Amino acid sequence: MKLLGLDPGLRKTGWGIIEAADGRLRHVANGAVDSDDALAIPERLVQLYEGILAVIERYAPKQAAVEETFVNKNPSSTLKLGLARGVVLLAPARAGLKVTEYPTNLVKKAVVGAGHADKRQVETMVKHLLPTAEIAGPDAADALAVAICHAHHAATFERWHDYALTAGRAAS
Numbered sequence: 046m047k048l049l050g051l052d053p054g055l056r057k058t059g060w061g062i063i064e065a066a067d068g069r070l071r072h073v074a075n076g077a078v079d080s081d082d083a084l085a086i087p088e089r090l091v092q093l094y095e096g097i098l099a100v101i102e103r104y105a106p107k108q109a110a111v112e113e114t115f116v117n118k119n120p121s122s123t124l125k126l127g128l129a130r131g132v133v134l135l136a137p138a139r140a141g142l143k144v145t146e147y148p149t150n151l152v153k154k155a156v157v158g159a160g161h162a163d164k165r166q167v168e169t170m171v172k173h174l175l176p177t178a179e180i181a182g183p184d185a186a187d188a189l190a191v192a193i194c195h196a197h198h199a200a201t202f203e204r205w206h207d208y209a210l211t212a213g214r215a216a217s
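Heads up, the working numbering is the position in the sequence shown plus 45, with the first residue counted as 1.
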């Protein structure tokens, strides 16, 4: 199944597409959608929305995963990131994809094994897990990490769901 990982940002939103099948991960593509700093925020949000939709149309993922990101030091930055996150959640949802959110620490733990890993460690492990990937930058690496996290957690959820269905039938 093709999965889209997204790392929200107003200036750059990272994206990564992987294929998860039979317990294996395969890199498909990655990059970032940029917005023009010279434009007003509404126009920048349109750029993000249209860029994400273009990725979805080109690669046809079946599900999307978005990193939950929070900034607490600067209220203005936090608000702008929140606006970008809204668009990043909206675009795949409007395209009909199931969208799942993951906290940053869970993404890092799923990829590196430690919830407080730094960006360099995350990118190193993404390269290890997806050896054919030429990563377009740190935002794309983070987005691929989100997709990898989703692949691991979605597979577990599916197994639990299948088990629950089977156990329910056996009890009947």
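Just so it is clear, CB atoms sit at the ideal spot from N, CA and C, and this is done for glycine as well. Here the structure is a predicted model, which is why all the values come from computation and not from measurement.
Outcome for residue i when other beta-carbon atoms lying within 10 angstroms are tallied against a minimum of 16
{"i": "K143", "result": "exposed"}
{"i": "L49", "result": "buried"}
{"i": "G76", "result": "buried"}
{"i": "E88", "result": "exposed"}
{"i": "T114", "result": "buried"}
{"i": "H206", "result": "For H206, the pLDDT reaches just 47, beneath the cut-off of 50, and the residue's location in the model is therefore unreliable, although a value from the coordinates is still provided. So H206 counts as exposed."}
{"i": "T177", "result": "exposed"}
{"i": "D187", "result": "buried"}
Continuous beta strand (DSSP E) stretch holding residue i: start and end
{"i": "A105", "result": "Here A105 belongs to no beta strand (DSSP E), and DSSP marks it neither H nor E."}
{"i": "A77", "result": "69-79"}
{"i": "L48", "result": "47-52"}
Residue i, enclosing alpha helix (DSSP H) - first and last residue
{"i": "E168", "result": "164-174"}
{"i": "A129", "result": "120-139"}
{"i": "A155", "result": "149-156"}
Beta-ladder partner(s) of residue i, from DSSP
{"i": "D187", "result": "Answer is none; D187 lacks a bridge partner."}
{"i": "V111", "result": "L51, E146"}
Selection from the options that minimises the alpha carbon distance to residue i
{"i": "R139", "options": "E146, F115, K154, A109", "result": "A109"}
{"i": "I193", "options": "L55, F115, G54, W60", "result": "W60"}
{"i": "R103", "options": "V191, V91, V111, V73", "result": "V73"}
{"i": "L90", "options": "S121, V157, K125", "result": "K125"}
{"i": "R158", "options": "T123, P137, K107, A190", "result": "The question names Arg, but residue 158 in the sequence shown is Gly. Closest option to G158, Cα to Cα, is A190."}
Min CB distance residue i to chain D below 9 Å
{"i": "A129", "result": "Protein chain content of the structure displayed is limited to a single chain, and chain D is not contained in it."}
Contact belief for residue i with residue j at Cβ below 8 Å, rounded distance in angstroms
{"i": "I86", "j": "L128", "result": "7 Å"}
{"i": "V78", "j": "I97", "result": "6 Å"}
{"i": "L93", "j": "T58", "result": "5 Å"}
{"i": "P53", "j": "E112", "result": "7 Å"}
{"i": "A105", "j": "A196", "result": "Incorrect: roughly 17 Å between the Cβ atoms, too far for contact."}
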